[in-house]
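Notes to accompany the following structure.
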Amino acid sequence: MSSKIKFASLFVALAIVLALVGGVSTASAQTVAATSATDISALQALIASLQAQIAALTGGATAPAAATSFTRDLTIGSRGDDVSALQTLLESKGVLMMPAGVAKGYFGALTKSALAKYQASVGLPATGYFGPLTRGQIASSMATVPTVPTVPGTTPTTPTTSGTLQGGAGSIEDTALVSGLNNEEVGEDEEDVEVAGLEVEVDDGSDIEITAVRIVFDEGTGATSDFDDYASEVSILVDGKEFARLDADEFNDDNDWSKTISLNNGAIIRAGGTGEIVVAVSGISNMDSDDQGDEWDVDFTTVRFRDASGASISETITEDVRAFSFEAFATAADTEFKITNGDDAINDAHTIAVDSSDDTDDEPILSYEVEIEGSADVTVDSLPVGVVVTGASNVDDLISGLTLLMDGKKVGSANLTDALVDTDGVDVGAYEAFLFDDLDLTLEAGETYEFTVTADLYPTSGSGDLDEGDTIAASTTDALLEVSGYSDIEDETGEDLAAADITGSASSDASAVYENAIQVALVTGTHADFEVDGDDNDYTQLTLKFDITAFGEDIYIPNVATDVSSSTSATGGVPTTAQGVGYHIQLTSGGIASTSVAETLTSTAEEETNSFLIEEGDTETFTLVVTISNAAAPANADADQFRAVLTGIGFGDSDSATADSVFTSDLTNVFKTTYGRIAN
């Protein structure tokens, strides 16, 4: 009997036996009761036998052996039975297919690539290194081995899908390059190396589905050959899932290395959320030595999407290009020290409360993460941080010291005099770099660590020269770490990491310091459109609801709101101290007459003669409603879309229509409504 006929016979036999077992679940209670444990055991044994015979014919295994015990780390060059067991497991997961005639037992490039795919699928860092994290995950997953059900009556569940778009008209609110993807290395025969990413922030109006992305590759330093002399494939991922894959030769000299890539269905980013579109490149297996080390640039130029209303929209992307290089496999496999932004609550602009007479210690001013990619640990003895202030002439006018935390534990400190790295010939200027030294940290391969920089701030009187309204921000970048003497980062052999192996950056927005001021948090930003019978009388209402907390003393918010600007720009003017709560109208085209705009400002706070009173430590909710009508300027407003953007909040220490100060921190980036539309 041929193997094909035998395989078919076994498959049919297995199906019949499984049907018999499944039939038990629909039988009467009397039938179930009559089924003996011996009968069920016999059926299970028969199923196991048939599965084993099918596996033998197909050259595979039904499942990795549950008894396999992994006791050591495995990487390129490892050999042994545990390597064979790992390869069998990867085959069972569908991520590895051993070439015909190649025996198991050697850990090569193919096994590393398959392991990385498996790690990504279970939420582990996709390093391709088989270490403690992966061993633990596999041990946990093997603790319970699925078997044929012995209790009849179970009902299989139906997978749910999330392919339906919800909402109405949607748009891309903002885009930014993924900070951790830059200067990546694509190794010879290395698969699916992520070289650039685009963060896409969606407004609250609708879910969107990404349908196509236009990508442009461009020759960089040293690149003289065609793109497919370096790369074999290009793929597009959205939030970690692949939606397109094509041969690299589709990017050629005829189309200037550019192509609009259509995505498979389902690349959905939900309303109000942020997704990541990532370009991954695979290297060819026989790269010419003259091409190794050559650089290419990649650029996102257009993203096409559809919203829940069915509209198909193309968004032009204006972000910078990302550079990457093609390397020999050994070079690309080196360790990488990758920096990305950390906690937004620390890095986003906010108000920092300081005291009138005492220092404010350990105030977080920067949060970042460091991921150690590759198969080797890293030793860190020193790290720099850049600090910039405004309002004051020198950094040490605001702060007296800095502290570095790793995963919440103090690991270093910087005295501003001894730790100063003189970058500009000024002892301490408005921007300076400081060094955290003698850290003696070991960062393990495949792990991600959270770092926090805190500052000790002077009071508003006494030591230092801190004034209310001064700002402070901090950053750490690959460029800063790569300056000679600014950092001490070594691999396991004691060699300094190369500049190309230190990537990414992190920075915080400028946060203002106040003794008495406010903290502001967005509650909602919505719109409602109204159609009225007749011409030129439709209108839209844009509603911003936000909480204000007073600290230091009682705070008064003037009870007026002012339209300070309107344009197609996402940012607008800042209100004066006499304009109370200021807002900007962003419109998609044309213009709008000031007589078409009206606003109301209400609050849960007690209203005085000229202002709303927020008592110290209390939080009150404010509601700004902006109404835009078509009556005053019908030619300008028909079919336009509008939204309101908060640009400033006046506040003071008395019931006055004129504020003492204007709060602006990060308002225009966050405090905005969805788009409203006037039909007629």
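According to the numbering used here, the sequence shown is numbered sequentially starting from 423.
The beta carbon of each residue, even a glycine, is placed where N, CA and C say it ideally should be.
- The C-alpha of Asp651 is placed about 12 Å away from the C-alpha of Asp611.
- Bridge partners of Gln963 according to DSSP: Ala950 and Thr1049.
- Contact annotation: Phe1085 and Ile1071 have beta-carbon atoms nearer than 9 Å.
- For Val996 and Thr1024, the gap between their C-alpha atoms comes out near 20 Å.
- In terms of CA proximity to Asp1088, Thr893 leads the group Ser1051, Thr999, Thr893 and Ile794.
- Around the CB of Gly688, fewer than 16 other CB atoms lie within 10 Å, so the residue is classed as exposed.
- A check of alpha carbon separations from Leu865 across Asp781, Ser835 and Glu912 identifies Glu912 as the nearest.
- The secondary-structure analysis by DSSP pairs Glu1030 with nothing; it has no beta-bridge partner.
- Taking 9 Å as the cut-off, the beta carbon of Leu838 is found closer than this to the beta carbon of Val817.
- Looking at Ala775, Asn1032 and Tyr790, the one whose alpha-carbon comes closest to that of Asp783 is Ala775.
- Spatial neighbours of Ala1020 in its own chain (CB-CB distance under 7 Å, excluding positions within 5 residues in sequence) are listed in chain order as Thr1049.
- Under DSSP, Arg728 forms a beta bridge with Glu631 and Ser734.
- Counting of Cβ neighbours within 10 angstroms places Glu914 among the exposed residues, the total staying below 16.
- Looking at the DSSP output, Tyr853 sits in a beta bridge with Val810.
- No Cβ-Cβ contact shorter than 9 Å links Tyr908 with Thr1010.
- With distances taken between CA atoms, Pro786 lies nearest to Phe873 out of Val843, Phe727, Phe873 and Glu741.
- Taking one beta carbon from each stretch, the stretch 785-802 and the stretch 544-554 have 3 or more pairs nearer than 8 Å; the two touch.
- Per the C-alpha coordinates, the member of Asn686, Ala983, Gln941 and Val833 positioned closest to Ala972 is Gln941.
- Distance between Gln963 and Val1047, taken at the CA atoms: about 7 Å.
- DSSP places Val942 in the strand class (E or B) of the three-state scheme.
- Assigned with DSSP and collapsed to three states, Tyr936 falls in strand.
- Secondary structure at Phe1093: coil, using DSSP grouped into helix, strand and coil.
- Collapsing the DSSP output to three states places Asp596 in a strand.
- In terms of CA proximity to Phe858, Thr825 leads the group Thr825, Ser885, Phe1064 and Val850.
- By the Cβ test, the stretch 933-948 is not in contact with the stretch 827-835, since fewer than three Cβ pairs between them sit closer than 8 Å.
- Counted as a single uninterrupted DSSP element, the beta strand (DSSP E) harbouring Ile761 occupies residues Glu758 to Asn763.
- Looking only at Leu620, Glu1042 and Val701, the smallest Cα-Cα distance to Glu595 is reached by Leu620.
- Taking each of Val638, Gly694, Gly642 and Tyr871 in turn and checking the Cα distance to Thr946, the smallest one comes out for Gly694.
- Using a 10 angstroms sphere on the CB of Thr646, the tally of other CB atoms stays under 16, which defines it as exposed.
- Exclusion of the five residues before and after Ile630 leaves Gly592, Val624, Ile691, Phe727 and Asp729 as the residues of its chain whose Cβ lies within less than 6 Å of its Cβ.
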